[in-house]
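> At position 35 of the sequence shown the residue is numbered 156 (the working numbering), and the sequence of numbers has no breaks. So that we are looking at the same thing, I have put the structure below in structure tokens.
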Amino acid sequence: MSDTDIVFQPTVDDLVHAYRLNLWRRYNWKYLLKAFAITSIAYVVLLFGGFRVASGAFPDWRNVWWMAGIAAVVTIGVPLLNHLLLRRAARKIYSQQKTLQQPHTVIWRSDHFVVESPTSHEEFRFADLVHWSEDSYVILLCQSAVMFRLIPKRVLAASQVDLLHRTLLQNGVRKI
């Protein structure tokens, strides 16, 4: 095997780490702030509009603060709930998707990478990737906001990680 070839079998933990990394890359501060603003505006409009129509008067300001509090809880609660339920979902996906339980070979060259398993063979150009992300457990090669290929760092030597980083950067794939 060369520095550009790796063989691994994904585990449930690899899948959990990949999904968590993908989830938290999507739920960044910009997203949370935007979601809070939209939810707050929707609640305030519904409160003012509904209260005004029903009673003919404007609501008390403490009701507006309650609505802002509910919006904050919803904005923070939804990503947190997703994070907490992710391990269960990953276990279910891993048990249902039999290709995840097979050994995978990932080979990367200067302009593309190949993912092989006993039942599939796929080639991807680095230029077709939207971005890539990593944490201490996995490297995600993202084909879209929700579709990605994972490479567990547990199977990579430090030199392979550096080589993969250089290859991705040379091909203009941005890191997020």
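No residue lacks a Cβ here, since even glycine has one placed at the ideal position from N, Cα and C.
For N292, tell me which candidate among F157, F269 and F245 has the shortest Cα-Cα distance.
Closest option to N292, Cα to Cα, is F245.
> Let's test the definition: count the other Cβ atoms within 10 Å of the Cβ of T160 and tell me whether it reaches 16, buried, or not, exposed.
Buried, because 16 or more other Cβ atoms sit within 10 Å of the Cβ of T160.
> In this structure, what does DSSP give as the bridge partners for P273?
Note: P273 sits in a beta bridge opposite V259.
> Within 10 angstroms of the Cβ of M188, are there 16 or more other Cβ atoms? Answer buried if so, exposed if not.
Buried: at least 16 other Cβ atoms inside 10 Å.
> Would you check if the distance between the CB atom of L142 and the CB atom of L261 is smaller than 7 Å?
Contact flag set, yes.
> Quick one: what's K296 bridged to in DSSP?
In DSSP, K296 forms a bridge with W253.
> Which same chain residues end up closer than 8 Å to F269 when comparing Cβ atoms and leaving out the 5 residues on each side of it in sequence?
Result list for F269: A139, N143, L261, L262 and C263, in chain order.
> Can Y215 and L206 be called in contact, C-beta distance under 7 Å?
Not a contact, by the Cβ cut-off of 7 Å.
> Once the 5 residues before and after R146 are set aside, which same chain residues still bring their CB inside 7 Å of it?
Within the same chain, R146 has close Cβ partners S254 and I297.
> Does DSSP classify D126 as helix, strand or coil?
D126: strand per DSSP, three-state reduction.
> Where does S238 sit, in a helix, a strand or coil, going by DSSP?
DSSP places S238 in strand when its eight states are reduced to three.
> With DSSP as the reference, please indicate the residues paired to W229 in a beta bridge.
F234, per the DSSP bridge assignment.
> Alpha carbon to alpha carbon, what distance is there between L271 and Y258?
Near 10 Å, if we compare the C-alpha coordinates of L271 and Y258.
> In angstroms, rounded to a whole number, what distance separates the CA positions of Q218 and W186?
Those two C-alpha atoms are separated by around 46 Å.
> List the residues that DSSP assigns as beta-bridge partners of F245.
In DSSP, F245 forms a bridge with F234.
> How big is the Cα-Cα spacing for P224 and A211?
Cα to Cα, the separation comes out at about 18 Å.
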